[in-house]
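The numbering used here numbers the first residue of the sequence shown as 1480 and each following residue consecutively.
Glycine residues also receive a C-beta, built at the ideal position from the N, C-alpha and C atoms.
Here the structure is a predicted model, which means the values were calculated and not measured.
What follows is a single structure, written as structure tokens, with notes after it.
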Amino acid sequence: MKTLADLKKIREKAQEEMKLRGGSVRVKIVVGMGTSGIAMGAREVMKTFLEEISNRSLTDVLVTQTGEKGLASMEPVVDVIEEGKPKVTYGNMNPDKVRKVVVEHIVNGRIVSDYVVATGS
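The following block contains the structure:
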């Protein structure tokens, strides 16, 4: 498993590549990395998002992190924020669910309703 420092390096590298390409952010993915999120697997969730985004060369997608989201029973929690659309919050995430969200929601624009715990601003 990668450490938090490793994940930060991966994220920083991806952000730098995005700046070099001059790309704008179409989708922002925010992974809850508070204590309960990390205990429930948020590091693996973040790592999988970063790998999937990189493997698919999705240069207009930014993956970042935040602290506690107040949804401890649903951790790991992830927000998907697309400009002009309501925020979608996915809960109880794991690497397999991340892969499905990337393909269905991020690439094809279809919300994965089975994993949604909240929507709105």
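CB-CB length for residue i against residue j, believed under 8 Å
i: G1511; j: K1566; result: Their Cβ separation, rounded to whole angstroms, is 13 Å, which puts G1511 and K1566 out of contact at 8 Å.
i: Y1594; j: V1581; result: 12 Å between Cβ atoms; not a contact.
i: I1517; j: V1559; result: Incorrect: roughly 20 Å between the Cβ atoms, too far for contact.
i: I1585; j: V1540; result: 6 Å
i: E1554; j: M1519; result: 4 Å
i: L1550; j: G1570; result: 6 Å
i: M1578; j: E1531; result: The question names Met, but residue 1578 in the sequence shown is Arg. About 6 Å; that satisfies the 8 Å criterion.
i: V1591; j: M1572; result: The pair is not a contact, with the Cβ atoms about 10 Å apart (cut-off 8 Å).
i: F1528; j: V1542; result: 5 Å
Nonlocal neighbours in the same chain, by C-beta distance under 7 Å from residue i, ignoring five residues either side
i: A1597; result: T1568
i: R1589; result: E1583
i: V1504; result: D1539, L1541
Residue i, DSSP secondary structure in three states
i: D1575; result: helix
i: K1488; result: helix
i: I1590; result: coil
i: L1483; result: helix
i: E1583; result: helix
Neighbourhood of residue i by C-beta, 6 Å cutoff - its chain only, sequence neighbours within 5 removed
i: G1513; result: G1546, E1547
i: N1587; result: none
i: E1561; result: V1506
i: S1515; result: A1551, E1554
Residue interval of the beta strand (DSSP E) (run including residue i)
i: V1540; result: 1540-1545
Residues bridged to residue i (per DSSP)
i: K1628; result: Since the first residue shown for the chain is 1480 and the last is 1600, residue 1628 is missing from the structure and cannot be characterised.
i: G1511; result: T1545
i: E1561; result: V1506
Where the alpha helix (DSSP H) containing residue i begins and where it ends
i: K1526; result: 1521-1534
Sequence-distant residues of the same chain with beta carbon closer than 8 Å to residue i, five excluded per side
i: R1535; result: V1581, V1586
i: G1599; result: P1565, K1566
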